[in-house]
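Enquirer: Note that the protein sequences, when read in sequence, are chains H and D. Going by the working numbering, 273 is the number at position 273 of the first sequence; the sequence numbering is gapless. Positions in the second sequence are counted from 1; adding 1000 to them yields the working numbering.
Protein chains: 2
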Amino acid sequence: MKDLFADRMSKVPKSFVREILKVTEDSNIISFGGGLPNPDSFPHTEIAEAASKVLTLESREALQYSTTEGYKPLREYIAQRYCKGGLKVDADEILITNGSQQGLDLVGKVFLNKDDGVVVEHPTYLAAIQAFGMYEPKFHSVKLMEDGPDTVALENLLKKEKPKLFYCVPNFQNPTGISYSEDKRREVAGILRESGTVLVEDNPYGEIRFMGKDLPPIKKFLPDSVLLGSFSKVVAPGIRLGWVAAGEEVMDKLVTAKQASDLHSNYLAQRIVHGFLTQYDVEKHLDKIRTMYRRQRDLMVNSIEKYFPDGVTCTKPEGGMFLWVTLPEGVSSMELFDLAIKENVAFVPGKAFYAEDPEINTMRLNFSNSNEEKIVEGIKRLANALEKIL
Amino acid sequence: MKDLFADRMSKVPKSFVREILKVTEDSNIISFGGGLPNPDSFPHTEIAEAASKVLTLESREALQYSTTEGYKPLREYIAQRYCKGGLKVDADEILITNGSQQGLDLVGKVFLNKDDGVVVEHPTYLAAIQAFGMYEPKFHSVKLMEDGPDTVALENLLKKEKPKLFYCVPNFQNPTGISYSEDKRREVAGILRESGTVLVEDNPYGEIRFMGKDLPPIKKFLPDSVLLGSFSKVVAPGIRLGWVAAGEEVMDKLVTAKQASDLHSNYLAQRIVHGFLTQYDVEKHLDKIRTMYRRQRDLMVNSIEKYFPDGVTCTKPEGGMFLWVTLPEGVSSMELFDLAIKENVAFVPGKAFYAEDPEINTMRLNFSNSNEEKIVEGIKRLANALEKIL
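1. Check for me: the alpha helix (DSSP H) holding D287 (chain H) runs from which residue to which?
2. Whole angstroms is fine: what's the gap from V1142 (chain D)'s alpha carbon to A1245 (chain D)'s?
3. Confirm, please, whether the CB-CB distance from L268 (chain H) to E62 (chain H) is below 7 Å.
4. Beta-carbon within less than 7 Å of H1274 (chain D)'s beta-carbon, same chain only, minus the 5 sequence neighbours each way: which residues are those?
5. Do you know offhand how far D1147 (chain D)'s Cα is from D1310 (chain D)'s?
6. With a CB to CB cut of under 6 Å and the five nearest residues on each side skipped, what residues in its chain are close to F132 (chain H)?
7. Could you tell me whether the segment 155–169 of chain H touches the segment 298–308 of chain H, using the rule of 3 or more Cβ pairs below 8 Å?
8. Pick out whichever of D:C1314, D:K1088, D:G1196 has its Cα sitting closest to the Cα of K1219 (chain D).
9. How big is the Cα-Cα spacing for N266 (chain H) and L386 (chain H)?
10. Based on the DSSP output, what are the partners of M1009 (chain D) in its beta bridges?
11. Is there a Cβ of chain D sitting closer than 7 Å to that of P39 (chain H), yes or no?
12. Measure the C-alpha to C-alpha separation of V345 (chain H) and D1007 (chain D) and round it to an integer number of angstroms.
13. State the Cα-Cα distance for the pair I360 (chain H) and H122 (chain H), rounded to the nearest angstrom.
14. Whose C-alpha, out of H:T362, H:A340, H:F322, H:E373, is nearest the C-alpha of R381 (chain H)?
15. Between D:L1144, D:N1028, D:I1030, D:I1047, which has its C-alpha nearest Q1270 (chain D)'s C-alpha?
16. Just the Cα atoms here: how many angstroms apart are L1323 (chain D) and F42 (chain H)?
17. Is the separation between the beta-carbon of N1098 (chain D) and that of D105 (chain H) shorter than 7 Å?
18. Can you pull the chain D residues whose beta carbon is under 9 Å from the beta carbon of N266 (chain H), in chain order?
19. Following the continuous beta strand (DSSP E) through D1105 (chain D), name the residue where it begins and the one where it ends.
20. Drop a sphere of 10 angstroms on the beta-carbon of V54 (chain H), count the other beta-carbons inside from all chains shown, and report buried for 16 or more, exposed for fewer.
21. Since L1365 (chain D) and V1312 (chain D) should fall inside the 8 Å C-beta cutoff, what is the C-beta to C-beta distance between them, to a whole number of angstroms?
22. Nearest by alpha-carbon distance to Y1125 (chain D): which of D:T1151, D:A1091, D:N1369, D:I1178 is it?
23. Buried or exposed: where does C83 (chain H) fall if 16 or more other Cβ atoms within 10 Å of its Cβ makes it buried?
24. Have a look at H:K342, H:E25, H:Y205 and flag the residue whose alpha-carbon is nearest the alpha-carbon of N422 (chain H).
25. Taking all protein chains shown into account, decide if V1152 (chain D) is buried (16 or more other Cβ within 10 angstroms of its Cβ) or exposed.
26. Using beta carbons (cut-off 7 Å, strictly below), is K253 (chain H) in contact with chain D?
27. Does F1367 (chain D) get closer than 7 Å to chain H when you measure Cβ to Cβ?
28. Can you give me the Cβ contacts of K374 (chain H) inside the same chain, cut-off strictly under 8 Å, excluding the 5 residues immediately before and after it?
29. Just the C-alpha distance for F111 (chain H) and V250 (chain H), rounded to the nearest angstrom, thanks.
30. For a cutoff of 7 Å on Cβ pairs, would you count V1089 (chain D) as touching chain H?
31. What in chain H is Cβ-close to Q1102 (chain D), meaning under 7 Å?
32. Hey, how far is the Cα of S1368 (chain D) from the Cα of P1317 (chain D)?
33. In this structure, does DSSP put N1344 (chain D) in helix, strand or coil?
34. Quick one: residues in its chain with C-beta nearer than 6 Å to the C-beta of F347 (chain H), no 5 flanking neighbours on either side, listed in chain order?
35. Closest by CA to Q1064 (chain D), which one among H:V226, H:Q102, H:K233, H:P204?
36. Within the 7 Å Cβ cut-off, does D406 (chain H) reach chain D?
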């Protein structure tokens, strides 16, 4: 059977993160490894009420086949929310997908021939490497600084390699928690504008800013680009709903690709989420998440400062769900992982997040899915493991 | 922007069926065009109750990220149902997908390099051409007779072209309504067993047999094959849930491909459907659908016999949702379509369902989504259009 598989399958590893999650199923282990939102943040009652309403009043429609593009009122809601934020987007420029992950897959399907270039951040979102990887591109990466990518390197890379896509996560990136400054956003837009490369901007965490001021998406300075969004972090991930925003020409291709992939996204879920978004106080709900995550992030950052040995640094994100730890040069986070498991604490070694030239001394910590007690205890355990390795 | 799109996008047309659905949105038109189940067949109350239960009792789990493979109890239910029907399948051999459509996409992703051969039936399911088409294979087709494919032609084709996949719909095929006889199933299994070709058996309609006796899936005679299933026709399509059954080695690749495509299928929906399937009388529910569709099928077949002019023939399916009309040689169903729209009745011209060498004098009629009055009236209108063209 092996000879029958497509070439692409030999190139895409299983998600290391998901493999790690299996190790950490042991309930004694405090895991900062996963990328899960806090289930306390889900609007449980509201979703139950919205579901009941949809299934009582609109069941014949909600359970039937629907259009590939998605539920029009939901697309209108998303477009209006962008417009309120200062980004002009029409409902017809929104395609509903199964989380933003499917958006990545569809973008790969629509744009990538084998060996086309894709520039990603260094480090980057692991599952983007997987999604694009299925279309067998050549990955290039551009170093992420404190305020966004190394733009000189980006410009050179675009000139030299003429890649099809530049994929980035400008808000509270997974894995680093880094955000692009407004200057960097403008600069990236300027560089892209002069190139033949399409910007693919992924923004699953943008609504979860708990410090600092909101910054415009790069798409605002580069309208002819692709922007991905998700309800996974602001409503709930189990419903698998996200979207792609793109202009007419790209949208037309995305719809064709989506149709071939699974006809359309879960229509019942689309109507339920729309019901929640329009019948409840979403700002209050978002504030609740932001307050919760801010407290958890502060506690993790403070605990790291208190317990971690000198020479270990971390990012201090203004939103999102992750922070990024850098160990002293030459210290391997993979080796640390083994020691940490013995201390009953888990994280994701940084290695998994690089499309090329992985750095061995980095690691990702998730702060959204642990309660306050576990955060302090987990960081203490991690500090013990660090003492041993340093 | 156009130059930036992947080659595959120039090869896949938009679904003609979905384009037709737009024409037929006019409420004066009686449409036999779509492929929709009858919304009267949906278990509305049961789904509402099951949803309420899940969202009250299991909300923290149901709204969270889950495993790529799918909700284990749902996979166990599917495996047990196969076992009851005499097909030995383990829950670990089931992957939950977004309808069987996503199963087709994942199978394409896992198996197909550019220019690999795929054999399909002549005619075949349109959206399979679209799903596989994204991986740029070479399509070959094998004529469908009254009791299944022309097996001599199939055997020759497999020897000559050494295709990767043979895709078929042995029960109440879309578009023709044709089913494979048990002999043909065994024969196809035998031919495939001797070849290096993987069987991809799609069975979305198998549970909707309203006449004749159940026949085993080809997988029973060829365990090392891929079998697709769907809840779209037996529960509801708006929830977008189906599955792939395959052995360990293929399953491993399918899971990798699914993970890259959208992480996992809607978890809330998986739990709701599982609740419905295990807490209600599913056999009674299926009998209701079968009785409903049998009545609609009988009425359409009888009306055709009564009103259609001589020389026009149709299949008489024992289940499913479609029948297939053949016009006299040389008469174009595309031209008939234009006349039919003037008579306020719609169908899908057969042309859309061929991977190669389309036959112009065929057409698909859907009987599941029209009430009895509309079936009689629609067939009368179609007969008027036929009188004009013949």
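Quick reminder that beta carbons are idealized off the backbone N, C-alpha and C, glycines included. Owing to the predicted nature of the structure, the values given are computational and were not obtained by experimental measurement.
Expert: This is what the structure gives:
1. Here residue 287 (chain H) corresponds to residue number 287 of the first sequence, with the count starting at 1. D287 (chain H) -> alpha helix (DSSP H) spans 282–307.
2. Here residue 1142 (chain D) corresponds to residue number 142 of the second sequence, with the count starting at 1. Here residue 1245 (chain D) corresponds to residue number 245 of the second sequence, with the count starting at 1. Each residue's Cα considered, the two are about 24 Å apart.
3. Translated into positions along the first sequence, residue 62 (chain H) becomes position 62. Translated into positions along the first sequence, residue 268 (chain H) becomes position 268. Per the sequence shown, the amino acid found at residue 62 (chain H) is Ala instead of Glu. Taking 7 Å as the Cβ cut-off, A62 (chain H) and L268 (chain H) qualify as a contacting pair.
4. For the purposes of this step, residue 1274 (chain D) is taken as the residue at position 274 of the second sequence. Y1071, P1073, L1074, Y1077, listed in sequence order.
5. Taking the second sequence and counting its residues from 1, the one referred to as residue 1147 (chain D) is at position 147. Taking the second sequence and counting its residues from 1, the one referred to as residue 1310 (chain D) is at position 310. Near 24 Å, if we compare the C-alpha coordinates of D1310 (chain D) and D1147 (chain D).
6. The residue you call residue 132 (chain H) lines up with position 132 of the first sequence. Only G108, V118 meet the Cβ criterion.
7. no
8. As a working mapping, residue 1219 (chain D) is identified with position 219 in the second sequence. Measuring from the Cα of K1219 (chain D), the nearest candidate turns out to be D:K1088.
9. Counting from 1 along the first sequence, the entry for residue 266 (chain H) is found at position 266. Counting from 1 along the first sequence, the entry for residue 386 (chain H) is found at position 386. Looking at the two C-alpha atoms, the distance is approximately 45 Å.
10. Within the second sequence, the letter at position 9 stands for residue 1009 (chain D). DSSP lists no partner for M1009 (chain D).
11. Numbered from 1 along the first sequence, position 39 holds the residue referred to as residue 39 (chain H). True, the Cβ-Cβ gap to chain D drops below 7 Å.
12. Reading the first sequence from its first residue, position 345 is the one you call residue 345 (chain H). Reading the second sequence from its first residue, position 7 is the one you call residue 1007 (chain D). Going by the C-alpha atoms only, they are around 47 Å apart.
13. Here residue 360 (chain H) is taken as the residue at index 360 of the first sequence, counted from 1. Here residue 122 (chain H) is taken as the residue at index 122 of the first sequence, counted from 1. So the alpha carbons of these two residues sit roughly 13 Å apart.
14. In the first sequence, counting from the first residue as 1, residue 381 (chain H) sits at position 381. That would be H:A340, whose Cα lies nearest to the Cα of R381 (chain H).
15. Along the second sequence, one-based indexing puts residue 1270 (chain D) at 270. Comparing Cα-Cα distances from Q1270 (chain D) to each of D:L1144, D:N1028, D:I1030, D:I1047, the minimum goes to D:I1047.
16. The count along the second sequence starts at 1 and reaches residue 1323 (chain D) at position 323. The count along the first sequence starts at 1 and reaches residue 42 (chain H) at position 42. Between L1323 (chain D) and F42 (chain H), the C-alpha separation is close to 46 Å.
17. Within the second sequence, the letter at position 98 stands for residue 1098 (chain D). Within the first sequence, the letter at position 105 stands for residue 105 (chain H). No. Outside cutoff.
18. Residue numbering aside, residue 266 (chain H) sits at position 266 when the first sequence is read from its first letter. Near N266 (chain H) (Cβ distances below 9 Å), the residues of chain D are N1098, G1238, I1239, R1240, L1241, S1265, N1266, L1268, A1269.
19. Within the second sequence, the letter at position 105 stands for residue 1105 (chain D). From DSSP, D1105 (chain D) is part of no beta strand (DSSP E) but of the alpha helix (DSSP H) over 1099–1111.
20. Counting from 1 along the first sequence, the entry for residue 54 (chain H) is found at position 54. So V54 (chain H) ends up on the buried side.
21. As a working note, residue 1365 (chain D) is residue 365 in the second sequence. As a working note, residue 1312 (chain D) is residue 312 in the second sequence. Going by Cβ atoms, the distance from L1365 (chain D) to V1312 (chain D) rounds to 11 Å, so no, they are not a contact pair.
22. The count along the second sequence starts at 1 and reaches residue 1125 (chain D) at position 125. With distances taken between Cα atoms, Y1125 (chain D) lies closest to D:I1178.
23. Walking along the first sequence from the start, residue 83 (chain H) turns up at place 83. Looking at its Cβ environment, which holds fewer than 16 other Cβ atoms inside 10 Å, C83 (chain H) is exposed.
24. Because chain H here runs from 1 to 390, residue 422 (chain H) falls outside it and cannot be looked at.
25. On the second sequence, position 152 is the one that residue 1152 (chain D) refers to. Flag for V1152 (chain D) reads exposed.
26. As a first step, residue 253 (chain H) must be located in the first sequence, where it is residue number 253. Yes, K253 (chain H) lies at the interface with chain D (some Cβ there is under 7 Å from its Cβ).
27. As a first step, residue 1367 (chain D) must be located in the second sequence, where it is residue number 367. It does not: the Cβ of F1367 (chain D) has no partner Cβ on chain H nearer than 7 Å.
28. Along the first sequence, one-based indexing puts residue 374 (chain H) at 374. So the list reads I30, once near-sequence residues are dropped.
29. Residue numbering aside, residue 111 (chain H) sits at position 111 when the first sequence is read from its first letter. Residue numbering aside, residue 250 (chain H) sits at position 250 when the first sequence is read from its first letter. Straight-line Cα distance between these residues: approximately 9 Å.
30. Reading the second sequence from its first residue, position 89 is the one you call residue 1089 (chain D). No, V1089 (chain D) lies away from the interface with chain H (no Cβ there is under 7 Å from its Cβ).
31. Walking along the second sequence from the start, residue 1102 (chain D) turns up at place 102. The answer, in chain order, is S261, D262.
32. Here the question's residue 1368 (chain D) lines up with position 368 in the second sequence. Here the question's residue 1317 (chain D) lines up with position 317 in the second sequence. Approximately 12 Å between the Cα atoms of the pair.
33. As a first step, residue 1344 (chain D) is located in the second sequence; it is residue number 344 there, counting from the start. Reduced to three states, the DSSP call for N1344 (chain D) is coil.
34. Along the first sequence, read from residue 1 onward, the residue named residue 347 (chain H) stands at position 347. Within the same chain, F347 (chain H) has close Cβ partners F32, G33, M363, L365.
35. For the purposes of this step, residue 1064 (chain D) is identified with residue 64 of the second sequence, where counting begins at 1. Closest option to Q1064 (chain D), Cα to Cα, is H:K233.
36. Because chain H spans 1 through 390 in this model, residue 406 (chain H) falls outside it and cannot be assessed.
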